[in-house]
Amino acid sequence: MGKFEALTPEQVRQFEKEAVKRFNHEENDHPHVEPQVGSLELARFKAVFPFQLFPDELIVEEKRVIWIHRFGPRMCEVITLLPSDINRVEASTGPLFGHLHVSIPRHDIEILIDRLKRNDALFARDLIDGLATAARQNLAIEGETAQEKVDFLLRLSHVSV
């Protein structure tokens, strides 16, 4: 058995500082979403607040799609999808707002986000569709920055055959 060593006050302060930083969510935006190494965040969409008291949030990353479905204060459900699991992406829009529907064939999960801004709903549909197309065809997402990767995925989703 090894002996325990006493910590110096500086080490204790450092551990406390790191724990408080994690507790206050300064390292990542949401306590239940673990950051994934090598997966760059491409876009973030949130439902319009006055029409939904607890707005849903959709985070589109290079290697996954995260849906944060809020039920109430400090209550939420977090679902992470791989782009290869996405079957169909639909967006319906009106003059001001729209909604996004993402379906997965092998699971009973369906993402439905209501009351997105009209342009956000259409942009999210194109971005997720491009991500799913790239995963189905085993294409590497080209680009160095997030904006270059978004442009590549948008071009991929608008290819006419």
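Just so we're aligned: 6 in this note's numbering is position 6 of the sequence shown, and the numbers increase by one with no gaps anywhere. Ideal Cβ placement from N, Cα and C applies to all residues, glycine included.
Would you give the residue range spanned by the beta strand (DSSP E) that residue i belongs to?
| i | result |
| --- | --- |
| L7 | Careful: L7 lies outside any beta strand (DSSP E) and carries neither H nor E. |
| R64 | Premise fails: R64 is in no beta strand (DSSP E) and is neither H nor E. |
| A43 | 41-46 |
Would a C-beta distance cut-off of 8 Å place residue i and residue j closer than the cut-off?
| i | j | result |
| --- | --- | --- |
| A146 | L58 | no |
| L154 | G130 | yes |
| I128 | I86 | yes |
| A121 | T93 | yes |
| P83 | A140 | no |
| D108 | S157 | no |
| F54 | G38 | no |
| V89 | A43 | no |
| L74 | D56 | The question names Leu, but residue 74 in the sequence shown is Arg. The answer is no: Cβ separation not under 8 Å. |
With a 10 Å radius around its C-beta and 16 neighbouring C-beta atoms as the bar for buried, classify residue i as buried or exposed.
| i | result |
| --- | --- |
| E27 | With a pLDDT of 49 at E27, under the threshold of 50, the predicted position of this residue should be treated as unreliable, and no value is reported. |
| G62 | Sequence check: residue 62 is Glu here, not Gly. Its Cβ being crowded by 16 or more others within 10 Å, E62 is buried. |
| K149 | buried |
| V102 | buried |
| A124 | buried |
| I113 | buried |
| A45 | The sequence given here has Phe at residue 45, not Ala. Buried: at least 16 other Cβ atoms inside 10 Å. |
| A6 | exposed |
| V12 | exposed |
| A19 | exposed |
Contact defined as beta carbons within less than 8 Å: I believe residue i pairs with residue j. What is the distance between those atoms, to the nearest angstrom?
| i | j | result |
| --- | --- | --- |
| K117 | V48 | 7 Å |
| Q52 | R115 | 6 Å |
| F152 | E142 | 5 Å |
Run the proximity test for residue i: is its beta-carbon closer than 7 Å to any non-hydrogen atom belonging to the ligand NAP?
| i | result |
| --- | --- |
| R155 | Of the ligands one can find in the structure shown there are none, so the ligand NAP has no counterpart to examine. |
Legend entry - Contiguous beta strand (DSSP E) assignments of at least 3 residues, all confined to the region 71-156: Complete beta strand (DSSP E) runs here, min 3: 75-81, 88-93, 97-103, 110-117.
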